[in-house]
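What follows is a set of notes on a single structure, which appears directly below.
There are 4 protein chains.
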Amino acid sequence: MAGASSRGSIARFEPRNPAWEKKSREIFERQSFMRMIGARIAALSPGTCDLELPYRDDLCQQNVFLHGGVITSIADTSCGIASSTLLSPDAGILSVEFKYNMMAPAAGERFIARGRVVRPGRTLTIAESAVFAVKDGVETEIGRMLATMMFLEGKGAMTAQGA
Amino acid sequence: MAGASSRGSIARFEPRNPAWEKKSREIFERQSFMRMIGARIAALSPGTCDLELPYRDDLCQQNVFLHGGVITSIADTSCGIASSTLLSPDAGILSVEFKYNMMAPAAGERFIARGRVVRPGRTLTIAESAVFAVKDGVETEIGRMLATMMFLEGKGAMTAQGA
Amino acid sequence: MAGASSRGSIARFEPRNPAWEKKSREIFERQSFMRMIGARIAALSPGTCDLELPYRDDLCQQNVFLHGGVITSIADTSCGIASSTLLSPDAGILSVEFKYNMMAPAAGERFIARGRVVRPGRTLTIAESAVFAVKDGVETEIGRMLATMMFLEGKGAMTAQGA
Amino acid sequence: MAGASSRGSIARFEPRNPAWEKKSREIFERQSFMRMIGARIAALSPGTCDLELPYRDDLCQQNVFLHGGVITSIADTSCGIASSTLLSPDAGILSVEFKYNMMAPAAGERFIARGRVVRPGRTLTIAESAVFAVKDGVETEIGRMLATMMFLEGKGAMTAQGA
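Going down the list, the sequences are from chains B, X, P and W. Quick note: the first sequence uses my numbering, first residue 1, plus one each step. Quick note: the second sequence uses my numbering, first residue 1, plus one each step. Quick note: the third sequence uses my numbering, first residue 1, plus one each step. Quick note: the fourth sequence uses my numbering, first residue 1, plus one each step.
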């Protein structure tokens, strides 16, 4: 249906739900943890989602670096919301697994997780996220996630984890 | 120095720092994010660390399931603190990468991440964490992490991410 | 149906196919690559599979260490065959993804990948494999895999990758 | 020294060894397993390596699809050789760990693993590989790897696994 992304170009994905944007934003807004840490959707299109998170003292490893778990949380959610734009109207979504590589300390005023669908599927969708720290206006990539998402069709799908 | 754990038996690890327990607890206590979500060390021994986290409404995916990022955060930290018990006195520690598999919804009154060193090394240490949800007193394994930790020797080690 | 394994104990799994052993061995024997490198099933039970591979000069990284890809191949297959013992009669199986940590050089006369189902599921099954090198009769764990397998029901399942 | 790659652009990497190409090709040629399956370097530049592998009947899962372990082997090696172009003259390299997602069946006349350094480091380097199947001249992405490589300095580095 939709092609996989390839290096240097972002594939165009066809949403199966005319109300994809409303649905994806609702999924995000239901996540109390995203609200609690102060994350917001900075950009959203079929197959992509950028999440932004301002630095906060209570999200840290120590004084100055954001906790790896916080960074992973926005990376995971950016993959999940990016994938959710391709859901059919009745379906839900959950994270199956992910791997995250920390490349540089999470130091900055704010952080951006850019989630992208790599390969959409009927049941499983592969997504990736590149996380950047913004310090004095300069973006540095600080981590990379490769994740597997699962689509759940029909009744009850929306009550599953991640849906 | 210390052998790798094998299936069904936990290897005994020799701390290189007589004050390993004090150091590991300090590393944990410096993590503002662990304090903020309400995690605490439930058990600590050379090469192992159990973290406990009570359920809270503001840590959720939706109403009832804990956010995957929160679960991953305690799994990562349980691996890091378990590994930190084997640090030499001057060394710091950071997470290089991890993979986490979600096996069941994170539903329960509280959650336990049992971190264990699988293979200690001079520079890199491999650790794993099994995460359990406790509901009505019954433990269910809900996820599994396999992680790589890095030891940083000497000056400045303690200011690195995760140290 | 079947419980998840927990640390130190192997859960008992109930095969859904009375002819599980025949089916799992057939899946293994159809894999020309396993035959080509000289791997064989050393042990098989519901939810577990041990594969054994003798050292060979043409499977190496350089002179003396087995190539990481060869080790990963037997680890992946041990997870797949372990999981295949829990297939229903008509179903096939494929690997969705895996992560492998190299812990020590792959040096030895032979290598054993011990695959175990961690969490069986209707669609997705989580498995792990611990890989050991045997040198002068002594086993050393050299790597660990955490993998996601997918069950494919019905027609055509057996022609899918990995089935 | 060298910046991280970002989505859609490949960073330029500065080799630390004037004889980087000779060294990287030698590392590849020492790998008997690559020779045995018939893989060859199709392209090589600082920070990148494309490996090509023609289809062969004895590398299969079953009749028509290449074994996941074979695909993973060329993906891992493409990451390792891409990273090796950035080694200093005396250093060696080994794979620490990788994660591989299978996105589509490995069906085709030949396969290309495009390894790229994502983030070079003094000790650890993060690389990724996108694997494509070529069928009737059409490339399809069939998998994606995210990997951690380690540089080993000084004496003995070249005898380590992967060096």
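All C-beta atoms in this analysis are idealised placements derived from N, C-alpha and C, irrespective of residue type, glycine included.
* To do: Please go through the same chain and pick out, in chain order, the residues whose beta-carbon is closer than 7 Å to the beta-carbon of residue 64/W, but skip the five residues on each side of it.
  => Taking the first residue of the fourth sequence as position 1, residue 64/W is located at position 64. If we look at residue 64/W and ignore the five residues flanking it on each side, its Cβ neighbours are 107.
* Asked: Between residue 110/W and chain B, is there a C-beta pair that is closer than 8 Å?
  -> As a first step, residue 110/W must be located in the fourth sequence, where it is residue number 110. Judged by the 8 Å Cβ criterion, residue 110/W is not in contact with chain B.
* In chain order, what residues of the same chain have a beta carbon less than 6 Å from the beta carbon of residue 99/B, not counting five sequence neighbours either side? -> Translated into the one-based positions of the first sequence, residue 99/B becomes position 99. Closer than 6 Å at the Cβ level, and outside the excluded window around residue 99/B, lie 146.
* Pairing CB atoms from the region 50-64 of chain P with CB atoms from the region 120-128 of chain P, are three or more of them under 8 Å? -> no
* **Neighbourhood of residue 130/B by C-beta, 7 Å cutoff - its chain only, sequence neighbours within 5 removed** => The residue given as residue 130/B occupies position 130 in the first sequence. Result list for residue 130/B: 114, 141 and 144, in chain order.
* Could you confirm whether any beta carbon from chain X is found closer than 8 Å to the beta carbon of residue 33/B? => What you label residue 33/B is simply residue 33 of the first sequence in a count that begins at 1. Yes, its Cβ sits closer than 8 Å to a Cβ of chain X.
* **CB contact check: residue 148/P to chain B, cutoff 8 Å** => Numbered from its first residue, the third sequence carries residue 148/P at position 148. It does; some Cβ of chain B falls within 8 Å.
* Decide if residue 69/P is buried, meaning its Cβ has at least 16 other Cβ atoms within 10 Å, or exposed. => Against the third sequence, residue 69/P aligns to sequence position 69. Burial call: buried.
* Tell me whether residue 3/P sits in a helix, a strand or coil according to DSSP, three-state version. => In the third sequence, counting from the first residue as 1, residue 3/P sits at position 3. Since pLDDT at residue 3/P reaches only 37, below the 50 mark, its modelled position is unreliable, and no value is offered.
* To the nearest angstrom, report how far apart residue 29/B and residue 35/B are at their CA atoms. => Your numbering for residue 29/B matches position 29 in the first sequence. Your numbering for residue 35/B matches position 35 in the first sequence. So the two alpha carbons sit approximately 7 Å from each other.
* **Reduced DSSP secondary structure (H/G/I, E/B, other) of residue 59/X** => Taking the second sequence and counting its residues from 1, the one referred to as residue 59/X is at position 59. Correct three-state label for residue 59/X: helix.
* Count the other CB atoms within 10 Å of the CB of residue 38/X; is the residue buried (16 or more) or exposed (fewer)? -> Position 38 of the second sequence, counting from 1, holds the residue named residue 38/X. Counting Cβ neighbours within 10 Å, residue 38/X comes out exposed, since fewer than 16 surround it.
* Asked: Under a CB-based cut-off of 8 Å, is residue 72/B close to chain P?
  -> Taking the first sequence and counting its residues from 1, the one referred to as residue 72/B is at position 72. Output row for residue 72/B: interface = no.
* To do: Using beta-carbon positions only, say whether residue 101/X and residue 97/B come within less than 8 Å of one another.
  => Reading the second sequence from its first residue, position 101 is the one you call residue 101/X. Reading the first sequence from its first residue, position 97 is the one you call residue 97/B. Cβ distance < 8 Å, so residue 101/X and residue 97/B count as in contact.
* Asked: Any beta-carbon of chain W closer than 8 Å to the one on residue 123/P?
  -> One-based indexing of the third sequence puts residue 123/P at position 123. No, residue 123/P does not count as interfacial toward chain W.
* To do: Provide the residue span of the beta strand (DSSP E) that contains residue 50/P, from first to last.
  => Here residue 50/P is taken as the residue at index 50 of the third sequence, counted from 1. Run containing residue 50/P: 48-54, per the beta strand (DSSP E) assignment.
* So is residue 137/P buried or exposed if we call it buried at 16+ other beta carbons inside 10 Å? -> As a working mapping, residue 137/P is identified with position 137 in the third sequence. Flag for residue 137/P reads exposed.
* Leaving out five residues before and five after residue 84/B in sequence, what residues of the same chain have Cβ atoms less than 6 Å from its Cβ? -> Here the question's residue 84/B lines up with position 84 in the first sequence. Correct list, in chain order: 24, 27 and 93.
* Is it the case that the Cβ atoms of residue 151/B and residue 87/B are separated by a distance below 8 Å? -> Here residue 151/B refers to the residue found at position 151 of the first sequence. Here residue 87/B refers to the residue found at position 87 of the first sequence. Closer than 8 Å, so yes.
* Distance between residue 91/W and residue 75/B (C-alpha atoms, nearest Å) -> Here the question's residue 75/B lines up with position 75 in the first sequence. Here the question's residue 91/W lines up with position 91 in the fourth sequence. Looking at the two C-alpha atoms, the distance is approximately 34 Å.
* Asked: For the alpha helix (DSSP H) that contains residue 28/P, what are its first and last residues?
  -> One-based indexing of the third sequence puts residue 28/P at position 28. Note, residue 28/P: alpha helix (DSSP H), 20-29.
* Asked: Does residue 119/X get closer than 8 Å to chain P when you measure Cβ to Cβ?
  -> Working through the second sequence from its first residue, we reach residue 119/X at position 119. Judged by the 8 Å Cβ criterion, residue 119/X is in contact with chain P.
* Out of 82/X, 135/X, 149/X and 95/X, which has the shortest C-alpha to C-alpha gap to residue 41/X? -> For the purposes of this step, residue 41/X is taken as residue 41 along the second sequence, with counting starting at 1. When each option's Cα is compared against that of residue 41/X, the closest is 82/X.
* Taking only beta-carbon atoms, is residue 153/B less than 8 Å away from chain P? -> Position 153 of the first sequence, counting from 1, holds the residue named residue 153/B. It does not: the Cβ of residue 153/B has no partner Cβ on chain P nearer than 8 Å.
* Asked: For residue 114/P, does the three-state DSSP call read helix, strand or coil?
  -> Mapped onto the third sequence, residue 114/P falls at position 114. Looking at residue 114/P - three-state DSSP - the assignment turns out to be strand.
* Per DSSP, which residues does residue 92/B bridge with? Please list them. => Here residue 92/B refers to the residue found at position 92 when the first sequence is read from its first residue. Paired residues: 152/B.
* Asked: Is the Cβ-Cβ distance between residue 116/X and residue 72/X less than 8 Å?
  -> As a first step, residue 116/X is located in the second sequence; it is residue number 116 there, counting from the start. As a first step, residue 72/X is located in the second sequence; it is residue number 72 there, counting from the start. Cβ distance not < 8 Å, so residue 116/X and residue 72/X don't count as in contact.
* To do: Given a cut-off of 8 Å, decide if residue 77/P and residue 148/B are closer than it, judged by their beta-carbon atoms.
  => If you number the first sequence from 1, residue 148/B lands on position 148. If you number the third sequence from 1, residue 77/P lands on position 77. Not in contact: residue 148/B and residue 77/P (Cβ atoms no closer than 8 Å).
* Apart from the five residues just before and just after residue 139/W, which ones in its own chain have a Cβ nearer than 8 Å to its Cβ? -> On the fourth sequence, position 139 is the one that residue 139/W refers to. Only 112, 132 and 133 meet the Cβ criterion.
* Please list the partners that residue 96/B has in chain P, where partner means a Cβ-to-Cβ separation under 8 Å. => Translated into positions along the first sequence, residue 96/B becomes position 96. Under the 8 Å cutoff, chain P gives 96, 124 and 148.
* Asked: Is residue 66/W near residue 60/W, with beta carbons less than 8 Å apart?
  -> Within the fourth sequence, numbered from 1, the residue matching residue 66/W stands at position 66. Within the fourth sequence, numbered from 1, the residue matching residue 60/W stands at position 60. In contact: residue 66/W and residue 60/W (Cβ atoms closer than 8 Å).
* Asked: In chain X, what lies closer than 7 Å to residue 57/B by C-beta?
  -> On the first sequence, position 57 is the one that residue 57/B refers to. Under the 7 Å cutoff, chain X gives 32.
* Beta-carbon neighbours of residue 101/X, restricted to chain P and to distances below 7 Å -> Taking the first residue of the second sequence as position 1, residue 101/X is located at position 101. Chain P residues near residue 101/X: 126, 146 and 148.
* Pairwise C-alpha distance: residue 118/B and residue 14/W -> Indexing the fourth sequence from 1 puts residue 14/W at position 14. Indexing the first sequence from 1 puts residue 118/B at position 118. Going by the C-alpha atoms only, they are around 29 Å apart.
* Starting from the C-beta of residue 128/P, find all residues in its chain whose C-beta is less than 8 Å away, skip the five residues before and the five after it, and write them out in chain order. => Mapped onto the third sequence, residue 128/P falls at position 128. Contacts found: 79, 115, 116, 118, 144, 145, 146 and 147.
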